[in-house]
Every structure is written in C-alpha cells, then in structure tokens.
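To start, the structure itself, in structure tokens.
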Amino acid sequence: MNSILSWITENQQIIYIVILMIFVGIEVIGRVPSVLHTPLMSGANAIHGVVIIGAIIVMGKAEHDNYLALILGFLAVVLGTLNVVGGFVVTDRMLEMFKKKKK
Amino acid sequence: MNSILSWITENQQIIYIVILMIFVGIEVIGRVPSVLHTPLMSGANAIHGVVIIGAIIVMGKAEHDNYLALILGFLAVVLGTLNVVGGFVVTDRMLEMFKKKKK
Amino acid sequence: MELNVLTLCYLIGSVTFIIGLKMLSNPASARKGNLVAAGGMAIAILGTIFLYEENGRKLGNYGWIFGGIAIGTVVGFLAARKVKMTAMPEMVSLFNGMGGACAALISIVEFNHFREPVSKLTDFEEIFRELHMELHNSYSAGFLVIILAGLIIGSVSFAGSMIAWGKLNGKVKDFSFKGQHIFNIVLMIAILGLATYLVIDFNASNAYLFYVIFALSLLYGIFFVFPIGGADMPVVISLLNSFTGVAAACGGFLYDNKVMLTGGILVGAAGTLLTILMCKAMNRSLANVLIGSFGGSKAGPGGGGTKEQGLYKEISLSDTAVVMSYASKVMIVPGYGLAVAQAQHACHELEKLLEEKGVNVRYAIHPVAGRMPGHMNVLLAEADVSYEKLMEMEQANEEFPTTDVVLILGANDVVNPAAKSDPSSPIYGMPILDVELAKNVIVNKRSMKPGYAGIENDLFFRPKTSMLFGDAKKVLQDLIAEIKSL
Amino acid sequence: MELNVLTLCYLIGSVTFIIGLKMLSNPASARKGNLVAAGGMAIAILGTIFLYEENGRKLGNYGWIFGGIAIGTVVGFLAARKVKMTAMPEMVSLFNGMGGACAALISIVEFNHFREPVSKLTDFEEIFRELHMELHNSYSAGFLVIILAGLIIGSVSFAGSMIAWGKLNGKVKDFSFKGQHIFNIVLMIAILGLATYLVIDFNASNAYLFYVIFALSLLYGIFFVFPIGGADMPVVISLLNSFTGVAAACGGFLYDNKVMLTGGILVGAAGTLLTILMCKAMNRSLANVLIGSFGGSKAGPGGGGTKEQGLYKEISLSDTAVVMSYASKVMIVPGYGLAVAQAQHACHELEKLLEEKGVNVRYAIHPVAGRMPGHMNVLLAEADVSYEKLMEMEQANEEFPTTDVVLILGANDVVNPAAKSDPSSPIYGMPILDVELAKNVIVNKRSMKPGYAGIENDLFFRPKTSMLFGDAKKVLQDLIAEIKSL
Ligand SMILES: NC(=O)c1ccc[n+]([C@@H]2O[C@H](COP(=O)([O-])OP(=O)(O)OC[C@H]3O[C@@H](n4cnc5c(N)ncnc54)[C@H](OP(=O)(O)O)[C@@H]3O)[C@@H](O)[C@H]2O)c1
Ligand SMILES: NC(=O)c1ccc[n+]([C@@H]2O[C@H](COP(=O)([O-])OP(=O)(O)OC[C@H]3O[C@@H](n4cnc5c(N)ncnc54)[C@H](OP(=O)(O)O)[C@@H]3O)[C@@H](O)[C@H]2O)c1
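Protein chains in written order, with my numbering: chain E, 43 to 145; chain Y, 43 to 145; chain Z, -6 to 479; chain R, -6 to 479.
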C-alpha cells in the first residue's frame, strides 16, 4: 500500500498524462458517425505505428557484434514502418470517397 | 530560443499536462445544450474556487508576526471559500429545475 | 507517506473535476455532476489542510484557517440559498469575483515573501539560489512571472466581475466614452510593459511597481466591462470565469500543485469555449459582444434604429379572453419582458385557469429568450410551472401548426422572422420560434419599441398577428379577471 | 540542445495525433486529419533518427535503420495502394499485426539487454543499481513488468490480427471446440502467473520462461480470435487495434518517450471506445461479440433457426423490368449479398440505365449494412456511384413514402421489421430502413435463408413484398438485358 502511494507520488506527472490522455482519447472520437468507424479505426491503427520509434532506438543502440539485437531490431523497424506507412495510405484511400461529402 | 527549448524540456511533463487539460476542457463540454449554459458556467465557476488551496497554504505558512500575510491570507481563505461553497450551492439550486427532465 | 496520500487526494480531485464538468454538460446527469465536483473539491481541501507539508514543516495557524473557512461557508451558503432564482447570474458573478480576488491576494503575499531577501541583500544571484531550493526549483524570474500573472489576471477578473454584478442588479449603468477602446488597449500595454520591466530587472527600489500594476489591473477590469451592454453580462461573466480559472492555474505553478493547475486550466479552457458557445447561441461573435456593437448601445426600451412601417392591429382584453378560452391548444412564448415585469406567477395562474377550462397550454422556450441561457426555465420554475409543460424550440416548432393561439409575453427577437428572411439583419441566422405556423398570434409588449437587438420586427405587422399593449404583469392579471368573468 | 529540439518534435507529434484523430471523426475534415497525424508522425520519426541520444551517445547503425524504413515504406505503400477497396479491413488487420509484432520484438531485445548482467552476476541488487542509472531511473522490477506487458499485449495483438486477417480473406475458417472459453481463460491465467513469478524472483536460471510467456501469448492471440464469427472481425480488429496502442505505450514507459506514451494511450482509449461504438451500431454488446453468441454460429447462408412461415410471392424478371422502368422514383437497398456477389458494377449500370429512362434512382445506405461500417459506401464508390446518390438511413426513411419501388439487393437484417416490432428478436432496437413505407418492395436474394443475425424476416411475407431469387450479379445482368429489350 505504502509503496504504491510513493510510486504514485514519484510518477504523478506521468499518471496525470496517462489519465488525461485517456479522457482525450474517449472524448475526441465521441461524436463519430458510424460510416466513419472503419476509416477512424484505420487511422488510429496508423497512429500506434509510433511504436516504430522504439524499434529505431533499439536498432540504433545495438552493438555491432550483437546480431540478435541487430536482426530483431531490423525486423522491428521494417514491421513498424509497414504499420505507419501502410496505415496512413490505406486510411487516405478509404477517405477518398468522402471528399464529395457535402456536410 | 535556446533557453526556451531547454525550458520546454525541463517542464515537458507540466506542458503535456496543460495541453492535454486544455483538450479535455474543450472536448468535455462540447455537446452542452444551450439551456445548460448558465448552470455549466456556474459549476465551472465553483471549480476554479480550487484557488482556495493556495490561500490555505499561504495562511498556513505565515509566521505569527507577519501580520500582512496573516490578514491577506485570512481574507483570501474567506473569499476562496465563498467562491467554492457559494458556487456549488448556486449551481445545485439552478439544476433543481432539471431534475424532472426526462433527458 | 502523508505527502503521498495528499498526491492521491489531488489526483482524485482533478479527475472528479473533469467528470463533474462532463456530467454538468448533460441535463440528465448535471446535478450529480455538480456534487461529484464538490466532493472532489472537499477531498482536495481537507487533504491540503491536514497533510500538506513544505520541507518537513506542516501548516500552522489552523485557527485562522478554520475561522476563515467557517465564515466563508456560512456566508456563501446563506447567500446562495437566499438569492432569488432570477438573480443568480449576479451571484455567480459575485462569487467569480471572490475567486479572482483570492488569486490576487495570494500573489501579493507571495510577492512579499519573495522580495524580503531582496531588501536585505542586493545581490540577485544570492536569493536566486535561496529560492531555488525553497520553491521546488522553479527559478526566481519564472517565479515572478507567475506571481505577476496571477496578480494581473486575478485583479482584472475581480474588478470586472464586480462591475458585471453591479450592472446585472442595476446598480451600475452602461457607460462609455469616446476612445474607450483605445484607452483600454493603452492600459493593457502599460500593465504588460511594467510587468516585463519588473521581471527583467527587479530590485528593492522598484518593488513598489508591483502595486502600481495591481492598481492598473483593477482599473483595466473596470473599464473592460463598463462599455459592454448590460444584456451581454452573461457572456462577460463566462469570460471572466475562464480568466479566474487561469489565475488559479498560476497558483498551481506557484506551489507546483497539480489540482490547482489542472482545475484552473480545465475551467480556463472550458470557460473560453462556453463563452464562444454562448455568443453562437445568439449568433454573434465574441468580438462583437466585447466591442458591444449593439449589445451596449441599442439594448432595451428606447433603443434606436426603429423606423415605423406598415400597420398593426390591436386586440382588446375581452377579445383575447374569448379567443384563448375557446382555443383547444395555446402556446405561451415568454421573453425578456416577462422577466422585467416579474409576471411569471400571473402567467402560471393564467395557464392553470385555461387548463381548468380544458385548454391545452404549453410554453415554447427559445434557448436565448431573456438575458441568460435558461433564463425562462429559471423564471417559470420559480413560479413552479411543471417542467413537462416547457417545450424546447425544436419541439415547439413542430407543435405550432396544430396550435390555435400563440401568446407572446415580452418576447421579440426570438420570434423575429427577419432572422430567417433578411440576411442584412444582425440576428440573421439565429433559429427562431416559428409562431406564424399557428392560427393566431397575440403579442403582449408595452409599445412598438424593439428588443435587445434593437431591430424592427415584421411579425407585429403580419395579418395573423394582433398586439395587446401593456405591462405583462398588469395585462395578465386583467386577462385572468376577464376570463373568470366570462 | 538537440535533445531539446527532440522534445519539441515529440510534443508536436503528440498534439498532431490528437488533432488528427479529432478531425478523423468528422466526415468534412477526416482526410485532412489523416494527413495531419501522418505529418506529426514523420516529425517524430525523423527527430528520433537524427536527434536522439542516450547518455551522450547518438544512435548508430543508420544503414540498417534506413534500410528497414525503405523496405517498409515501399512494401507498405504498394500493398496499401494495390489492395481492392473491399479488402481494406484485411489490410488494416495485417498492419495492426505488424505494429503488435514490432512491440513484441522490442521487448525481446530489451529483455536480452536486461538479462545480460544477470547471467554474469547473480546478485539481483547489483544489476538493480546498474539499471537504475542506465534506464532513466525506472527501477528494474518495474522495467521487467513493462517489458513483459509489451511482450504479451504485442504478441496477442499480432497473432490475433493474423487470424482475423485470414478469416476476412477466407483463408481461415471459423473454428471452435467445446470449452474453448475455459481453455482461453486458463491460458491467460498461466501467462499472467508466469509473468508475476518472473517479476518477483528473476534470475539466470528462469530467464527462459520469458520465451515460454511469448509462445503462450501467441497461442492465446490465436485462440482468442478463432471462435469469433468472421462477420465480427471488424469489431475484433478494432479491439486488437487498441491492444497494440497499449503495447506501444509500454514502449513509451520503457524509453520514457512521451510521444510513444501519449500516442499509444490515445489509440488505446479511442480504440476501446470505437470498439464499443461499433457493437452499439449493430446493437450488440462487446461481450456478446467476443463470446460470439450468434456471430460465430449462425452467420451466413445455411444459418440455422429458420422456420418457414406464411407465404411469399415471387416476381418474374420481366415484371420487375417493367415495374422499375415505369417508376418515377426507385430506391436501391444494398446489403451484404451485393458484396458477396460482387455485383456493385452491375448495380451501377442498372442505375445509369434507369436514369436514362428518366427514373430517379437513389441508394439507401444502412450504417451497418454489409460486414463493416461504411462497407456499402466503399463497395459502391469502387463502382464509382456518385456520392450524392447515397442517402444515409435518416434521409432514406424520409424518402421512402414518396418512393414507387424499393429494390433490395442482398440485404436482410437491415430491413427486418422485427427490429422494431419484436422485443424478443436479437436485433430488436437496431434502427432499420423502413422500406414498407414505399409502394412496392422487391427483394433479391438467393433463397429464403436468413442473414447475419440468423433470424427470419417477416418483410418477405408482407403483401407489398415480392421476391426475386438468384445471385445478385446474375439477376442484375438479366434485369438490365430485360429493360434494354423493353
Ligand atoms: N438568453 C441569453 O443568453 C441572452 C443573453 C444576452 C442577450 N440575449 C438576447 O436577448 C434577446 C432575447 O430575446 P427576447 O425576445 O426574449 O427579448 P427581447 O428581444 O429583448 O424583447 C423583449 C421585449 O419585451 C418587451 N418588454 C419589456 N418590458 C416589458 C414589460 N414590462 N412588459 C411587457 N413587455 C415588456 C420589450 O418591448 P417594449 O419595450 O415595447 O415593452 C421588448 O421588445 C435576444 O436577442 C438574445 O440574443 C440573450
Ligand atoms: N456493417 C458492420 O459493421 C457489420 C459488422 C458485423 C456484422 N454486421 C451485421 O451484418 C448484417 C448486415 O445486414 P445486411 O442486411 O447487409 O446483410 P445480411 O443481413 O447478412 O443479409 C445478407 C443477405 O444477402 C443474401 N445473399 C448472400 N449472398 C448473396 C448473393 N450472392 N446474391 C444475392 N443475395 C445474397 C443472403 O440471403 P441468401 O443466402 O438467401 O442469398 C442474406 O440473407 C447486420 O446484421 C449487421 O449487424 C455488420
């Protein structure tokens, strides 16, 4: 209990950020019309591609003899990029059909 | 420029919290029907009464011979409390009339 | 340990504020939302009193603290309970002012803590280090900036709210002089200039400038609100409300206190949006309200710019009595005039009387009828008209086609067809109550004078419409007598 | 200095993600929103590559990094460009899987950095301190927790997405065995148990458990999605999507990296809500989807629980041709069947033909027609039907009373009156297209079999309705021929 509390205090800023982010995430898409569900999902999917930054860091930190790190890191970078690029492009294509939307 | 950047880095957590809070504040009341504008304003008014916490701290830290601090602090506490208590009570009264509201 | 619990208290506080505000923006949950926020506030306050400590030292002066809280609670509670429902906006303005003042006072005290070292030793770097530790490593220049921000915003909000309060309860009259706006701008520049100077090179000799800034800020607050039309006060109050929020947030920076920070920013952001929404509802821009293009000048009776045009027909009390008592469905459209005349009780009486005669009576509530959002709801609720009888604009507009008589009591702009037909009209685009869909329209007001927007209303000259002049209260009482005597 | 710029990049990134997502949830701004988010992402990535440094050391292996990014970009771009519009959900699922895998891989690598010290010295406290500095003072137990969280969530998301992908493009068939759910629960418990054990007492000897957890997580992902009906994949993908978000956030904790943290949490939260909204749109609960109450068992042709009842009348192609070409207003209601038959082009042709004959043709699009939200929009857009011709449910329901003929192409549940009349029906409460308001209703499907919900549809037995059996594509082509030959 005590330790949990002190943990909260140490990381209170992060905790605030996480909690607020959750509120934002929920509020921000609260009004989405159902026809946009799929593009929105696809867009969000692209955004979590931000994980690629982790992959880049792993890759960049790997020593030259550490092949495991190099190979896995490389793989991670490729997959991450796929997620990001593919995600945004697919979303954009889905949304092409809304361009004439007169809303 | 440079100093601003480093300032940002030092306080990035706070900055994130502030920015996210702004988003939350805007999103959270985005859908309010106009008949609720006044109660909502009144409610928000009560919430910023949280400033009283500052007053309490000032008051509590004041040395016993520092009359300025004591008097101003005391005044601040009174005013802050007015804001909080009055604010919430007024809001509650305004909202009484919505109780029968069948949404 | 205790400090950790305090952090948790603050966390809870912040979250309840958010949730409370969210619930407040939905009629179904609004009232609970208010309580949620209040609960969070209580936790945060109690936590501070009992758990707060600064470099190991707990808070003292409990006597003073509890004394102050006790007084504030009693006074605040009674004031809020006693106030007439229709006077609530004034109250809100008053309380908002209190908050602003509180923020300003905090800044003043902290400033004196801050300057002390200066008066002793002139070396700036010296205190720099002192503060460094003392103030959770927020460094002194930044510290001064925050103090000043709190002072300025707090004072403006305080002074402004007081004026707004005075205007709403009629103590203060609208007032403006040529070049008012230039004057304000100059004032603002002066304030900011002095503040910057103080931050850049601060020493014992120019410390007094702090109080100059204080005075100027109060002055600015006053002149900021003075020229704005009394009718626009709700908007102004909402704006000052968000100011106070920001002032509170400054306190949050000052003490590195998350609940003050988040709470303040939350209100600052929400308040700003709310202000804009309010303007939208009357479809005007915030700028337009602040410059007071018509809000100030032409509001209320005697408002200019009314050119007589066409003919209107009057209707006698007795005819009105007959028409209404033999109607099967009557819609009452209350407006600002009803509030001015304090005729809500008479109105409710009429409603009951007609219902006894088997007439189906409803009220059509326009969102911006009156002078504050929900004004009519408050007014009628005070005369305990049952909530079921109140229809919002959309519903009402659907009902009109099947309505025999629409009785308009002191409403004008909200039924002005120009909002739909005439693009040049200042209210063009504002959704209105389509009373003309009904069979007959009877309009009660004291004259042909325009309403808030200060513009002519074609409706009064339409064939379906007949005018019933006189003070709303008086007319209603006579009408009731007439109907009884039928 | 550079690190400070990087912080700014990340700040910008986080904000653009929020704004982008907000814009994405509004048809007018959706496309721009996507670009905004993409821009922010680019800034964050480039910033990391060129500015990131850890205790003074910059990143190396640029060759590998750019190589990887190049490959990913080319492949991802081409894949996303080439894919048929109707196959996009598969694509999304695939990309989502990639993200999950990426997160899992990061965890594996970091784990090996983490264990090294262990294999050398057994004293736990020792490495504790080491890591303490190395890892931005996140202490090792917490560190391990985060790694494991990233591993588990990432792997589940990866494996699950692959299955979902397989199901959508028909490679993987629905499959479930008795006690499937119990099995899954046990699996989950095992994973969590092992993880906890690893965190509590971690040493060289039990490090291998990490990979056991990895394997089990993949397994769980597979069996989590297997039993769920292929038709519910959009919902599942959205759920896995939010999982990946959380996995990314773990990375954010790991490197104390704000943009990963915020971006991940944002998607985690939004994705979860979106999943729930999707279920609401078909009015079912998430639980109901995951347990697959009917989604799994009865979906598609051959679905059980159809009891013949009443009589229905058929209509011949020629009659249909006549009725339609002499109608003044025709509404086409596309459904899942149209997608199955890939009849969108034939459909567009029919529309053009009728328009030439002066018939006013419109499409009535139900929000959950087909198997993913917007499925029909995508489908018809592919056959470039102009967007103006598509009407949303509300509009459409207003149009039906003035419509002569409604042609239902492979739609069933979305026009099932039971949703309004029969509280016992599983789709009760789902808003439907009120086709019965029109003069005539012609239904094209291959048989009397039920649709997705696996329930009988009274509409087919109503007097106004006549059935036109056959595969949508075939029928449309013949119909076009008929009309031409009139
Ligand atoms: N609700 C809000 O939030 C808010 C806030 C600020 C401004 N406003 C604005 O206020 C206006 C509200 O429209 P409204 O139709 O309610 O009011 P209005 O347009 O201001 O008209 C009120 C009318 O009541 C008549 N009146 C005044 N005293 C009366 C009395 N004692 N007995 C009978 N009639 C009396 C006046 O005509 P006579 O002088 O001839 O009697 C006047 O024309 C809108 O323009 C709105 O934009 C609203
Ligand atoms: N949109 C979404 O996000 C989503 C996601 C998951 C589930 N759902 C659910 O999916 C359903 C959608 O309703 P819906 O009316 O579009 O589809 P449906 O209710 O599934 O009905 C489709 C009908 O098309 C017919 N059909 C199948 N193949 C055909 C072909 N080749 N030619 C002609 N007809 C054919 C089938 O009848 P025959 O076999 O007799 O031909 C079937 O009755 C709703 O229940 C919705 O809740 C929607």
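Each residue gets a CB set at the ideal place from its N, CA and C atoms; glycine is no exception. Quick caveat, the model's predicted, so the values are computed rather than measured.
*asked:* Quick check on Tyr421 of chain R: does DSSP put it in helix, strand or coil?
replied: coil
*Top-ranked residue by Cα proximity to Leu117 of chain E, from E:Met101, E:Ser76, E:Phe130, E:Gly128*: E:Met101
*Buried or exposed for Asn196 of chain Z, please, with buried defined as at least 16 other CB atoms from any protein chain shown within 10 angstroms of its CB.*
exposed
*Going along chain Y, which residues have a C-beta under 7 angstroms from Lys521 of chain R?*
One cannot answer for residue 521 of chain R here, as it falls past the ends of chain R, which runs -6 to 479.
*Is Pro327 of chain Z helix, strand or coil when you go by DSSP?*
strand
*asked:* Please report whether the beta-carbon of Val205 of chain Z lies at a distance below 9 angstroms from any beta-carbon of chain Y.
replied: no
*Val378 of chain R touches chain Y at which residues, Cβ-Cβ below 8 angstroms?*
Those within 8 angstroms of Val378 of chain R in chain Y number zero; the least Cβ separation is about 33 angstroms.
*Take the Cβ of Tyr201 of chain R as the centre, count every other Cβ of all protein chains shown within 10 Å, and call the residue buried at 16 or more, exposed below.*
exposed
*Short CB-CB distance (under 9 angstroms) between Glu103 of chain R and chain E*: yes
*Below 8 angstroms, can you find three or more Cβ-Cβ pairs linking the stretch 51 to 64 of chain Y to the stretch 3 to 11 of chain R?*
yes
*At a CB-CB cut-off below 9 angstroms, which residues of chain Z make contact with Asn44 of chain E?*
Met(-6), Asn(-3)
*Please check if any C-beta of chain R sits within less than 9 angstroms of the C-beta of Ser48 of chain E.*
no
*Would you say Phe104 of chain R and Phe203 of chain R are within 9 angstroms of each other, going by their C-beta atoms?*
yes
*Could you tell me which uninterrupted alpha helix (DSSP H) segments, each at least 4 residues in length, are contained entirely in the stretch 187 to 255 of chain R, listed from first to last along the chain?*
202 to 218, 226 to 247
*asked:* Checking the sheet assignment: what are the DSSP bridge partners for Arg499 of chain R?
replied: Past the boundaries of the shown model lies residue 499 of chain R; chain R is included only from -6 to 479, so the question cannot be answered.
*Buried or exposed: which applies to Phe10 of chain R, given that a residue is buried once 16 or more other Cβ atoms fall within 10 Å of its Cβ?*
buried
*Exposure label - Thr395 of chain Z; buried when at least 16 CB within 10 Å*: exposed
*Verify the contact flag: Leu82 of chain Y, CB atom, against every heavy atom of ligand 1, threshold strictly below 8 angstroms.*
no
*Determine the contact status of Val399 of chain R and Ala357 of chain R, defining contact as a CB-CB distance below 9 angstroms.*
yes
*If you run the structure through DSSP and keep just helix, strand and coil, what is Thr458 of chain Z?*
strand
*Answer with buried or exposed for Val179 of chain Z, where buried requires no fewer than 16 other C-beta atoms within 10 angstroms of its C-beta.*
exposed
*Quick one: list the residues of chain E neighbouring Tyr445 of chain R, beta-carbon separation under 7 angstroms, in chain order.*
Here the premise fails: no neighbours, minimum Cβ distance about 16 angstroms.
_Using a Cβ-Cβ cutoff of less than 6 angstroms, which residues in the same chain neighbour Leu247 of chain Z once the five nearest sequence positions on both sides are dropped?_
Ile139
*For ligand 1, any of its heavy atoms closer than 8 angstroms to the Cβ of Ser459 of chain Z?*
no
_Cβ distance (whole Å) where Glu83 of chain Z is taken to contact Leu211 of chain Z below 8 angstroms_ = About 20 angstroms separates the two Cβ atoms, so there is no contact after all.
_Positions along the stretch 59 to 88 of chain E whose CB lies within less than 8 angstroms of some CB in chain Y_ = Ile59, Leu62, Met63, Phe65, Val66, Glu69, Val70, Gly72, Arg73
*asked:* From the DSSP secondary-structure annotation, give me the bridge partner or partners of Asn353 of chain Z.
replied: Z:Lys322
*For Ala446 of chain Z, which residues of its own chain have a beta-carbon under 7 angstroms away from its beta-carbon, when the five flanking residues on both sides are left out?*
Phe287, Asp406, Pro419, Ile420
_Where the beta strand (DSSP E) containing Glu153 of chain E begins and where it ends_ = The requested residue 153 of chain E does not occur in the structure, where chain E is confined to residues 43 to 145.
*Roughly how many angstroms lie between the CA atoms of Leu259 of chain R and Ala21 of chain R, to the nearest whole one?*
22 angstroms
*Within the chosen definition, does the stretch 379 to 398 of chain R reach the stretch 96 to 112 of chain E through at least 3 CB pairs nearer than 8 angstroms?*
no
*For Leu400 of chain Z, does the three-state DSSP call read helix, strand or coil?*
strand
*Would you tell me roughly how many angstroms separate the C-alpha atoms of His125 of chain R and Ser133 of chain R, rounded to the nearest one?*
Because His125 of chain R sits at a pLDDT of 46, beneath the cut-off of 50, its placement in the model cannot be relied upon, and the point is left open.
*Extent of the continuous beta strand (DSSP E) run through Met78 of chain R*: Neither: Met78 of chain R is in no beta strand (DSSP E) and is coded neither H nor E.
_Using a Cβ-Cβ distance cut-off of 9 angstroms, determine whether Gly244 of chain Z contacts chain Y._
yes
*Locate the beta strand (DSSP E) running through Leu121 of chain Y, then write down its first and last residues.*
First-last for Leu121 of chain Y: 109 to 123, but that is the alpha helix (DSSP H), not the beta strand (DSSP E).
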